[in-house]
Amino acid sequence: MIKKHKEKTLLLSFVTAAAMALTLFAALPTARAYAASQESYTFYYFNNDSDGNRYTLSIFGGTVKSVSSSRSSVLTAKKSSGNNRIDISLKNTGKATVTVGLKDYRGRSAKKKYKISVKDGSTICSFARPALITGKCTKYATYAYVPVTNTSSCNFSTIKIAYDLKDSSGNSLSSGYGSISDLGPGQTGYLKIYYSASLAVDLDASTFSVETASQTKTGKNATKLSQKMYKSSVKKTDSGLAITVKNKSKKYLNIQNYVFLYDASGSLLDIGTVGIYTSTGRTYTNNLISHLVGECSSYEVKTTGTAR
1406 MIKKHKEKTL LLSFVTAAAM ALTLFAALPT ARAYAASQES YTFYYFNNDS DGNRYTLSIF
1466 GGTVKSVSSS RSSVLTAKKS SGNNRIDISL KNTGKATVTV GLKDYRGRSA KKKYKISVKD
1526 GSTICSFARP ALITGKCTKY ATYAYVPVTN TSSCNFSTIK IAYDLKDSSG NSLSSGYGSI
1586 SDLGPGQTGY LKIYYSASLA VDLDASTFSV ETASQTKTGK NATKLSQKMY KSSVKKTDSG
1646 LAITVKNKSK KYLNIQNYVF LYDASGSLLD IGTVGIYTST GRTYTNNLIS HLVGECSSYE
1706 VKTTGTAR
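Adding 1405 to a residue's 1-based position in the sequence shown gives its number in the numbering used here.
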């Protein structure tokens, strides 16, 4: 009786162990399930800028073996240097799927798909009505500013803006380029321009457009800057304004502070820009040095920025 009981116990243990092994095996991701992974991205195409139409994506989950694009007229893709990156070159607006063949750490073959929307880069910003900076006007030059709002869902490290200053009849008087730095989704930066006071410029008749832009993280990997991520303070000193930012987040922050200086009557003397770049847990101070700081009665700081 004892011998039979031992045999039954051994048989039961074997069956239990086999069942556990099957359960564990079933819990492991199969090549088929692994291949179903998919991500979505949005990129912006600039018709006149070949450098701005190239991007690199990091691919996680294995070693890149092959890369293909479903629509080469929209974008082309190829393996980059290293084992886990691909290079994408935008050719036109539209949609395409990039398929990446991988070898995972177990040596299994798998595929990942990236659904990419390519949109017209000229549409990323809207331009509000320009206004004069009265305190910067002289008999030689006139200063003005243009509010520029990022209407996309992406972060941009630099946006190059073309302006064409015209008279009231629509004749072009002066043209050029300016730039806005570190502009996140929904944020408004301020482009400051100046021109000869002898020109009869009509700011309302003048035009502004996006020329090119440098896009940072996009898609589900993008992080929108919020006031919870940092703490800032401003202190007026003998030499200007000291702006201090403490990074409370786990991201690297690129911040632009637009400082509006006003005189006693409320007229705008100037708009200064102070950039601050700080890593996790760090506090950094930068200064706006201008003789107009000493002349101003009040000031206002408007902040834009990106997190990565």
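Idealized CB from N, CA, C, for every residue including glycine.
Everything numeric in this text was worked out from a predicted model, so none of it was measured.
Given a threshold of 16 other Cβ atoms within 10 Å of its Cβ, counted over all protein chains shown, does residue i qualify as buried or as exposed?
i, result
"Ser-1474", "buried"
"Tyr-1519", "buried"
"Thr-1642", "exposed"
"Gly-1699", "exposed"
"Gly-1589", "buried"
"Lys-1517", "buried"
"Gln-1715", "Beyond the ends of the chain as shown, which are 1406 and 1713, falls residue 1715; an answer cannot be given."
"Thr-1617", "buried"
"Ala-1546", "exposed"
"Gly-1512", "exposed"
"Ala-1549", "buried"
"Ser-1601", "exposed"
"Tyr-1439", "A caution first: Tyr-1439 carries a pLDDT of 44, below 50, which makes its placement in the model too unreliable to give a value."
"Lys-1544", "exposed"
Let me check understanding here. Comparing Cα to Cα, which of the options lies closest to residue i?
i, options, result
"Phe-1561", "Lys-1500, Ile-1491 and Gln-1661", "Gln-1661"
"Phe-1613", "Ile-1566, Arg-1490 and Asn-1576", "Ile-1566"
"Tyr-1663", "Leu-1596, Gly-1671 and Lys-1640", "Leu-1596"
"Ile-1727", "Lys-1629, Phe-1448, Tyr-1545 and Ile-1493", "Past the boundaries of the shown model lies residue 1727; the chain is included only from 1406 to 1713, so the question cannot be answered."
"Lys-1496", "Gly-1526, Ile-1564 and Lys-1484", "Gly-1526"
"Ile-1648", "Met-1634, Thr-1683, Leu-1693 and Leu-1658", "Leu-1693"
"Leu-1608", "Glu-1705, Ser-1579 and Val-1615", "Ser-1579"
"Asn-1458", "Val-1479, Asp-1668 and Lys-1470", "Val-1479"
"Lys-1656", "Ala-1712, Val-1505 and Leu-1570", "Ala-1712"
"Gly-1686", "Thr-1502, Lys-1636 and Thr-1528", "Lys-1636"
"Gly-1680", "Ser-1486, Ser-1477, Ile-1585 and Lys-1541", "Ile-1585"
"Gly-1466", "Ala-1515, Leu-1604, Ser-1558 and Tyr-1689", "Ala-1515"
"Gly-1581", "Ser-1695, Ser-1611 and Asn-1488", "Ser-1611"
"Gly-1594", "Ser-1477, Ser-1654, Thr-1708 and Val-1469", "Thr-1708"
"Val-1615", "Leu-1697, Asn-1555, Asp-1572 and Thr-1628", "Asn-1555"
"Ile-1573", "Ser-1485, Thr-1502 and Val-1606", "First, the residue type needs correcting, since residue 1573 is Ser and not Ile in the sequence shown. The option with the nearest alpha carbon to Ser-1573 is Val-1606."
"Val-1472", "Thr-1628, Ser-1577, Phe-1451 and Leu-1507", "Leu-1507"
"Val-1761", "Glu-1444, Ser-1485, Leu-1537 and Thr-1461", "In the structure as shown, the chain starts at 1406 and stops at 1713, and residue 1761 therefore has no counterpart that could be examined."
Would you identify the three-state DSSP class for residue i, choosing helix, strand or coil?
i, result
"Lys-1541", "helix"
"Gln-1620", "strand"
"Val-1606", "coil"
"Asn-1652", "strand"
"Gln-1592", "coil"
"Gly-1581", "strand"
"Gly-1671", "coil"
"Asn-1662", "strand"
"Asn-1489", "coil"
"Ala-1441", "Interpretation of Ala-1441 is limited by its pLDDT of 49, a score under 50 that renders its predicted location unreliable; no figure is taken from the coordinates."
"Thr-1642", "coil"
"Val-1551", "strand"
"Thr-1556", "coil"
"Thr-1528", "helix"
"Lys-1633", "helix"
"Tyr-1657", "coil"
"Asn-1376", "Nothing in the structure corresponds to residue 1376, since the chain is present only between 1406 and 1713."
"Thr-1678", "strand"
"Ser-1586", "strand"
"Leu-1427", "Because the pLDDT at Leu-1427 is just 33, under 50, the model does not fix this residue reliably, and the value given afterwards should be weighed accordingly. Residue state, collapsed to three classes: helix."
"Lys-1597", "strand"
"Asn-1576", "coil"
Residue i lies in the beta strand (DSSP E); which residues open and close that run?
i, result
"Val-1523", "1514-1525"
"Lys-1508", "1499-1508"
"Lys-1710", "This sequence places Gly at residue 1710; Lys is not what is there. First-last of the beta strand (DSSP E) with Gly-1710: 1703-1712."
"Leu-1462", "1459-1463"
"Asp-1569", "1561-1571"
"Lys-1470", "1468-1474"
"Thr-1481", "1480-1484"
Grab the span of the alpha helix (DSSP H) containing residue i for me, first residue to last.
i, result
"Leu-1697", "1696-1700"
Could you check how far apart the C-beta atoms of residue i and residue j are, in whole angstroms? I think they sit under 8 Å.
i, j, result
"Tyr-1667", "Leu-1674", "6 Å"
"Cys-1530", "Val-1553", "5 Å"
"Lys-1500", "Ser-1477", "With 8 Å as the limit, Lys-1500 and Ser-1477 do not qualify as a contact, their Cβ atoms being about 13 Å apart."
"Lys-1651", "Thr-1688", "4 Å"
"Leu-1697", "Gly-1540", "6 Å"
"Gly-1583", "Tyr-1568", "7 Å"
"Gln-1592", "Phe-1448", "Not a contact, Cβ separation roughly 19 Å."
Is it the case that the CB of residue i approaches a heavy atom of the ligand MN more closely than 8 Å?
i, result
"Thr-1504", "The model on display carries no ligand, and the ligand MN is accordingly not part of it."
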